[in-house]
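Trainee: For the record, the sequence lines run as chains A and B.
Quick note: to get our numbering, add 15 to the position in the first sequence (first position is 1).
Quick note: to get our numbering, add 18 to the position in the second sequence (first position is 1).
Glycine is no exception: its CB is placed at the ideal position from the N, C-alpha and C atoms.
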Amino acid sequence: MNLQALDDRALVERLVARRDERAFAELYRRHSPALFATAMRLSTNAADAEDAVHDAWVRAVERLALFEWRGSLRSWLTGFVVNVVHEIRRVRGREAPGDVSEMVGDSPELDELLSIDIEVAINRLAPRYREVFVLHDIDGFAHHEIALMLSIDIGTSKSQLSRARGHLRRMLGQRVSTES
Amino acid sequence: MKPDDFDEQVDLSHLRRHAPPTELQQRVLRTLAARGLVRRRTTWLKHLTTLAAAAALLVIGFAVGSRRSNADVDLDPRYALLLYDDPLSTTDPAARDSIVAEYRRWSASLRERGQLVLGEELGREVASVPDFGTGFSEERGRYQLGGLFIIRAATLADAVNLARETPHARLGGVVTVRPITTSDATTPTEERERTSS
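1) Spatial neighbours of A:Leu-197 within its chain, please: C-beta separation below 6 Å, excluding the five flanking residues on both sides.
2) Comparing C-alpha positions only, which one of B:Arg-129, B:Pro-38, B:Arg-48 and B:Leu-30 sits nearest to A:Ala-52?
3) I'd like to know if A:Glu-25 contacts chain B, where contact means its C-beta is closer than 8 Å to some C-beta of that chain.
4) At 4 residues or longer, what runs of the alpha helix (DSSP H) sit wholly inside the segment 17-55 of chain A?
5) Under 8 Å between the Cβ atoms of B:His-36 and B:Leu-101?
6) Between the alpha carbons of A:Arg-185 and A:Ala-64, how many angstroms are there, rounded?
7) On the premise that A:Arg-37 lies in contact with A:Leu-18, defined as a C-beta separation below 8 Å, what is that separation, rounded to the nearest angstrom?
8) Could you give the first and the last residue of the continuous beta strand (DSSP E) run that contains A:Glu-102?
9) Should A:Gly-181 be labelled buried (16 or more other beta-carbon atoms within 10 Å of its own) or exposed?
10) Pull up the CB-CB distance for B:Leu-180 and B:Ile-117, whole angstroms please, since I reckon it's below 8 Å.
11) With DSSP collapsed to three states, give me the class of A:Gly-188.
12) Using DSSP with H/G/I as helix, E/B as strand and the rest coil, what is A:Asp-132?
13) Just to make sure I have the definition right: I need the residues of chain A whose C-beta is within less than 7 Å of the C-beta of B:His-36. Which are they?
14) Would you say B:Pro-39 faces chain A, with C-beta separation under 8 Å as the test?
15) Do we get a CB-CB distance below 8 Å when we pair B:Gln-43 with the residues of chain A?
16) Beta-carbon separation of A:Leu-183 and A:Ile-153 under 8 Å?
17) So that I know if they touch, is there some Cβ in chain A lying closer than 8 Å to that of B:Arg-59?
18) Within 8 Å (strictly less), CB to CB, does B:Val-46 reach chain A?
19) In this structure, does DSSP put A:Asp-66 in helix, strand or coil?
20) Going by DSSP, what residues sit across from B:Ala-98 in a beta bridge?
21) If you measure between the beta carbons of B:Arg-57 and A:Arg-78, is that distance less than 8 Å?
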C-alpha cells in the first residue's frame, strides 16, 4: 500500500484507528519540513525549534481524534508549533529581539554598520510582527487561519503584517542604501 | 524601493531552507510509542508468521491466496471481486493455459503487496437455497459467477482500480466489486486463528 497516495484525512484515520506507524511517518514526512522551518523562524535557536516540533507532534497526535477538519491539517499542526514556541520562550526566558522600529532610525551610525540579510531582518522583528509575517508571507496561511492560531483579530493580523513588511523594507532598504 | 509601500511584499528569494534533523523523527516516534499513540512495526512482526508464497495452492488453474503475511500486511478494508463470465464461451486449451498464467502473475503481484486474501475459481455446477434450478439469472440472463477474489484496498476506488487490472476484465469479462462489511478489526494473530479454525 502506497501511503503517499492517501490524503491527510485518510492517513489520520489510519493513525487514530490503528496507531499505524507508517501513517504517522507519511504525515511527518509531509508536514515536518514546513513545521520545522516555521519553528526555526519563530524561535531563537535550532534546539528550541526541534523541541517545538517534537512537542507539537505529540500534542497533535494526542488530539487527532478530536480534529474536526474545519481547516487544513497543516494549519492545525502549525498552531501547535506556535503555541509551543510561546511556551518555550516563556519558560526558558528566551529574549526576543527588540522592536525593530526602535532600532531603525534611532542611530544613523548603527544603521550604517548593520549588515542585514532577509533572515536576520526577520529575526529582528518583534515577536508579534515576526509571527504574522512568517505565517502569512512565508508559510502562506490566510489571515483567518493566523487569527485562530494567534488568538487575534483578522484586522490585527492584517495590520501587524503591514507593519512587519514596512519594518523589513526599511531594514533591507537601509542595507541597500549603505552598499550603493 | 519606496519605504511607504507597506502593501508590497518583501523579496523572499534569499530565504534559507530549514530542514528538520533526521533524528527528530525517531525522537518523536519514541515519545508517541511510549505513550501508546503509535504501534511500532517491530511489535507487529512478533505476531506474524511468514508463509511460503512459492507453495501457493492452485485451484483449477488460478493462483490462490495461500495468504502470505509480511511485515507490511495492512488491515485495509476487504472487497470481493466477483468475476462473471459467459459459461457458453469456449476457450481452446492453449489459450486457456495462457490465461491461467496471466492470472497467476496478477495474483502473485497482489500477494507480494499483501493485498490478496484469497482467489478461487468456481465450478459451473450450481445449487441454491431455495432451489432456483440453475441459479439466479444475472445480467442478460447469461452470465454466471465464475470466480471471486477477496482483496484488500484502502478505498472502493482503489478496489475498482484493482478490478480493472484483473485478466478477467482485460479479456472482456464482468467484475463486480463489493465491500465486505463484516468487522475486520482484528490483529493479524486473531485473523490467522480465525481463518485456520
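Mentor: A quick look at the data gives this:
1) Lying before the first or after the last residue shown, residue 197 of chain A is absent from chain A, which here runs from 16 to 195.
2) B:Pro-38
3) Looking at the sequence itself, residue 25 of chain A is Ala, so the reference to Glu does not match. So, interface residue.
4) 23-33
5) no
6) 27 Å
7) 6 Å
8) Here A:Glu-102 belongs to no beta strand (DSSP E); instead the alpha helix (DSSP H) covers 88-106.
9) buried
10) Incorrect: roughly 18 Å between the Cβ atoms, too far for contact.
11) helix
12) coil
13) Phe-51, Ala-52 and Met-55
14) yes
15) yes
16) no
17) yes
18) yes
19) helix
20) B:Ile-168 and B:Arg-196
21) no
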